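K.L.:
387 is the number that my numbering gives to position 340 of the sequence shown; each next residue is one higher, with no gaps.
Even glycine gets a Cβ: it sits at the ideal position worked out from N, Cα and C.
Small disclaimer: the values here were computed from a predicted structure and weren't measured.
I'd like to ask you about the structure that follows.
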Amino acid sequence: MKSRKLICITAMMSFALAISGHLAALGQQGEHNRYKIVVFGTFGGPSDQGSENGAGNYLINERGMVTGSADTATPDPFPNSCFFDCMVSHVFRYQRGVLTDLGTLVPGFSSGATQINARGWIAGQSQNGEIDPLSGFPVAVAVLWKANQIIALGSLGGNGSVPTGLNNAGQVVGAAANPTLDPFSLFGIGTETRAFLWQNGVIEDLGTLGGPDAAALAVNEFGQVAGFSYTDATPTPVTGMPTTHPFLWEDGRMIDLGTLGGTYGGPGANLGMDTNLAMNNRGQVVGASTLAGDLVAHPFLWNHGVLLDLGTLGGDNGSANWINDAGDVVGEGDLPGSVVHHAFLWRGGTIIDLGTLGSTSFAEAINSNGQIVGRSRTGSPTSALQHAFLWEHGGPMIDLNTLIPANANVLLTEACCITEDGEIVATGTLASGAVRTILLIPCEESAEICVDAGEAALATTHDNLMVPLNRLTMSTTHPTPSETVPTWRARLAQRYHVPSLATPKD
Numbered sequence: 048m049k050s051r052k053l054i055c056i057t058a059m060m061s062f063a064l065a066i067s068g069h070l071a072a073l074g075q076q077g078e079h080n081r082y083k084i085v086v087f088g089t090f091g092g093p094s095d096q097g098s099e100n101g102a103g104n105y106l107i108n109e110r111g112m113v114t115g116s117a118d119t120a121t122p123d124p125f126p127n128s129c130f131f132d133c134m135v136s137h138v139f140r141y142q143r144g145v146l147t148d149l150g151t152l153v154p155g156f157s158s159g160a161t162q163i164n165a166r167g168w169i170a171g172q173s174q175n176g177e178i179d180p181l182s183g184f185p186v187a188v189a190v191l192w193k194a195n196q197i198i199a200l201g202s203l204g205g206n207g208s209v210p211t212g213l214n215n216a217g218q219v220v221g222a223a224a225n226p227t228l229d230p231f232s233l234f235g236i237g238t239e240t241r242a243f244l245w246q247n248g249v250i251e252d253l254g255t256l257g258g259p260d261a262a263a264l265a266v267n268e269f270g271q272v273a274g275f276s277y278t279d280a281t282p283t284p285v286t287g288m289p290t291t292h293p294f295l296w297e298d299g300r301m302i303d304l305g306t307l308g309g310t311y312g313g314p315g316a317n318l319g320m321d322t323n324l325a326m327n328n329r330g331q332v333v334g335a336s337t338l339a340g341d342l343v344a345h346p347f348l349w350n351h352g353v354l355l356d357l358g359t360l361g362g363d364n365g366s367a368n369w370i371n372d373a374g375d376v377v378g379e380g381d382l383p384g385s386v387v388h389h390a391f392l393w394r395g396g397t398i399i400d401l402g403t404l405g406s407t408s409f410a411e412a413i414n415s416n417g418q419i420v421g422r423s424r425t426g427s428p429t430s431a432l433q434h435a436f437l438w439e440h441g442g443p444m445i446d447l448n449t450l451i452p453a454n455a456n457v458l459l460t461e462a463c464c465i466t467e468d469g470e471i472v473a474t475g476t477l478a479s480g481a482v483r484t485i486l487l488i489p490c491e492e493s494a495e496i497c498v499d500a501g502e503a504a505l506a507t508t509h510d511n512l513m514v515p516l517n518r519l520t521m522s523t524t525h526p527t528p529s530e531t532v533p534t535w536r537a538r539l540a541q542r543y544h545v546p547s548l549a550t551p552k553d
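Put into structure tokens, the structure is as follows:
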């Protein structure tokens, strides 16, 4: 393992200098890469959205392309329904040191990003210039940016739609309104909300599990869709919402994944826990479910017909936030007494407490190398201050602020996303209080020299750190430039031993 402080110009000499100069620090922190950082700008406004809407590998792809949304200098004309901080904001794409404003639908004002795929296509949401007669607020619809072209994905006859997932074949999933009024409308749209799949210019209603509403939250590379749905229209006494179950949709059929005994199963956000329903390329699904009585919720893993309670760290509640293709699950679980929660890794039937940087922690993503990122409170459990963390090599958790240049003048508060190469997207706060998206680039992954933090200038471009397009030929989870989608899916199916998924679903 190379030193976390220096990467050598001449390997033997620099390695010796690193060992002699930083042995004490390595002994205390363990060996970790240091990171160059790219602090993204805005389009004239004070802040950007950071990585707060990110989950898993949503906001960065393996080519080092990053997405998000950033403020313009124009105040939002609809301050009661701001996208972010009541400035007009636009989606950006970052590539090779260039931040591109992708704009909005005309005559809309603001747009926001959800996910970027290996091609650099971005799913997001844009105002379209219309006003919702039910709410009086601007209508926002799901969109897809292909190159610099914006495509409106539409709705299902109602006002508005929201995208939640995008795969490398260009399939987009999410939730869309239809015109039927619904007192229990998901996302507060006011009408029935349906899970949708958009592909090749057509938006499809995926149906429900028997109730009026459903939402799709994830789509894998085989076109399988995970989400949650009402099973009826009768509110339950504890949750105040109709019975809700997670589902897996494939080949035109919605499969009810059940619950752990309660009346709710799906994304933890609906239970007041900040998380997502997630799925991997093996068709395994994770989320949160209430137990009998609906007073506590546990993380679950659904694995081809079997719903498994992953447990907690000794307390009442927990949630699962992300699953990689090896079946490793990360999330958060209460400790005994249920006053604090810690990030966890569930692997092969064992739940591992990842610790904290102070009092509480929350894991947001894991890559195939077992590197985990998230956020942790450094003070009391009620403190608002959180720091971004990295957990690797069996721990302990480390504050990412200790691995970036000391002259960065930014506080990393959350890390949402990590690539297979270990590049991280985080949210940072500048000395001015402005929020920024921050890209962390492992020094060992670059052809440049990672000099001591005290001597380093901040990285301003990503030119020499980009993953070359032809390097994607080494990746199983991303298509090569010459591959068709069916060929690529067949290769994925062979690797993951799921031949039934090789059939194209285009």
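Residue 402 and residue 390: beta carbons closer than 9 angstroms?
P.N.:
It is a contact, given that the beta carbons lie within the stated cut-off.
K.L.:
Mapping the DSSP letters down to three states, classify residue 533 as helix, strand or coil.
P.N.:
The answer is helix: DSSP assigns residue 533 an H, G or I state.
K.L.:
Examine the Cβ distances between the region 213-232 and the region 151-171 and report whether three or more of them are shorter than 8 angstroms.
P.N.:
With a cut-off of 8 angstroms, the region 151-171 and the region 213-232 count as touching, because enough Cβ pairs lie within range.
K.L.:
Does the ligand HEM have a heavy atom nearer than 8 angstroms to the CB of residue 299?
P.N.:
Absent from the structure shown: the ligand HEM. Ligands present: none.
K.L.:
Taking Cβ positions, are residue 243 and residue 277 nearer each other than 9 angstroms?
P.N.:
No, the pair does not count as a contact, with Cβ atoms beyond the cut-off.
K.L.:
When the distance is taken between beta carbons, is residue 371 closer than 9 angstroms to residue 413?
P.N.:
Contact flag set, yes.
K.L.:
May I ask which residues mark the beginning and end of the beta strand (DSSP E) holding residue 383?
P.N.:
Taken as a continuous stretch (DSSP letters only), residue 383 belongs to no beta strand (DSSP E), as it is neither H nor E.
K.L.:
Do you know offhand how far residue 459's Cα is from residue 331's?
P.N.:
Those two C-alpha atoms are separated by around 31 angstroms.
K.L.:
Check whether the Cβ atoms of residue 202 and residue 482 lie closer than 9 angstroms to each other.
P.N.:
No, Cβ-Cβ distance for residue 202 and residue 482 is not below 9 angstroms.
K.L.:
What do you reckon, are the CB atoms on residue 484 and residue 96 nearer than 9 angstroms?
P.N.:
Result yes, Cβ atoms of residue 484 and residue 96 sit closer than 9 angstroms.
K.L.:
For residue 411 versus residue 461, is the C-beta spacing smaller than 9 angstroms?
P.N.:
Contact flag set, yes.
K.L.:
Assuming residue 220 and residue 263 are in contact, meaning their beta carbons sit under 8 angstroms apart, how far apart are those beta carbons, in whole angstroms?
P.N.:
Indeed, because the Cβ distance is near 4 angstroms, the residues count as touching under 8 angstroms.
K.L.:
By how many angstroms is the C-alpha of residue 407 removed from the C-alpha of residue 451?
P.N.:
Taking the straight line joining both Cα atoms gives about 22 angstroms.
K.L.:
Does the region 325-345 come into contact with the region 274-288, if we say contact requires no fewer than three beta-carbon pairs (one atom in each stretch) closer than 8 angstroms?
P.N.:
Result yes; three or more Cβ-Cβ pairs closer than 8 angstroms.
K.L.:
Threshold first: 3 residues or longer. Then list the beta strand (DSSP E) segments lying entirely within the region 225-293, N to C.
P.N.:
Whole beta strand (DSSP E) segments, 3+ residues: 238-246, 249-252, 261-266 and 272-282.
K.L.:
Where in the region 149-196 do unbroken runs of the beta strand (DSSP E), each at least 3 residues long, occur, reported from the N-terminal end onward?
P.N.:
Complete beta strand (DSSP E) runs here, min 3: 158-163, 169-178 and 185-193.
K.L.:
Within 10 angstroms of the Cβ of residue 324, are there 16 or more other Cβ atoms? Answer buried if so, exposed if not.
P.N.:
It counts as buried.
K.L.:
By a C-beta neighbour count over all protein chains shown, 10 Å radius and 16 as the cutoff for buried, is residue 116 buried or exposed?
P.N.:
Buried, by the Cβ-count rule.
K.L.:
What is the DSSP secondary structure of residue 126, counted as helix, strand or coil?
P.N.:
Helix.
K.L.:
From residue 209 to residue 248, what distance separates their C-alpha atoms?
P.N.:
Straight-line Cα distance between these residues: approximately 16 angstroms.
K.L.:
Rounding to the nearest angstrom, what Cα-Cα distance links residue 131 and residue 78 in this structure?
P.N.:
Those two C-alpha atoms are separated by around 38 angstroms.
K.L.:
Could you give the C-beta distance for residue 81 and residue 490, rounded to a whole number, given that I count them as a contact under 8 angstroms?
P.N.:
Yes, residue 81 and residue 490 are in contact; Cβ-Cβ is about 5 angstroms, under 8 angstroms.
K.L.:
Output the boundary residues of the beta strand (DSSP E) element that contains residue 354.
P.N.:
Unbroken beta strand (DSSP E) run through residue 354: 353-356.
K.L.:
Pull up the CB-CB distance for residue 118 and residue 147, whole angstroms please, since I reckon it's below 8 angstroms.
P.N.:
Rounded, the Cβ-Cβ distance is 15 angstroms, inconsistent with contact.
K.L.:
Tell me whether residue 561 sits in a helix, a strand or coil according to DSSP, three-state version.
P.N.:
Nothing about residue 561 can be reported from this structure: the residues present for the chain run from 48 to 553 only.
K.L.:
What separation, rounded to the nearest whole angstrom, lies between the Cα atoms of residue 98 and residue 163?
P.N.:
Roughly 13 angstroms separates the two Cα atoms.
K.L.:
Helix, strand or coil for residue 464? Go by DSSP, reduced to three states.
P.N.:
Here residue 464 sits in strand by DSSP.
K.L.:
Among 382, 479 and 396, which residue has its Cα nearest to the Cα of residue 92?
P.N.:
For residue 92, the nearest C-alpha among the options comes from 479.
K.L.:
Leaving aside the five residues before and after residue 442 along the sequence, list all residues of the same chain whose C-beta is less than 7 angstroms from its C-beta, in chain order.
P.N.:
These residues qualify, in order along the chain: 401 and 402.
K.L.:
Any idea if residue 353 is buried or exposed, counting beta-carbon neighbours within 10 angstroms, 16 or more meaning buried?
P.N.:
By the neighbour-count rule (16 or more Cβ atoms within 10 Å), residue 353 is not buried but exposed.
K.L.:
Using only the alpha-carbon positions, how far apart do residue 311 and residue 223 sit?
P.N.:
The alpha-carbon atoms of residue 311 and residue 223 are separated by roughly 21 angstroms.
K.L.:
What do you get for residue 206, buried or exposed, if any count of 16 or more other CB atoms within 10 angstroms of its CB means buried?
P.N.:
That one is buried.
K.L.:
Could you tell me if residue 3 is buried or exposed, where buried requires 16 or more neighbouring beta carbons within 10 angstroms of its beta carbon?
P.N.:
What is shown of the chain runs 48 to 553, which leaves residue 3 out entirely.
K.L.:
Determine which residues share a DSSP beta bridge with residue 297 and list them.
P.N.:
BP columns for residue 297 point to 300.
K.L.:
Please work out which residues of its chain come closer than 7 angstroms, Cβ to Cβ, to residue 383, disregarding the five sequence neighbours upstream and downstream, and give them in chain order.
P.N.:
The answer, listed in chain order, is 361 and 362.
K.L.:
Which two residues bound the contiguous beta strand (DSSP E) that contains residue 368?
P.N.:
First-last of the beta strand (DSSP E) with residue 368: 365-370.
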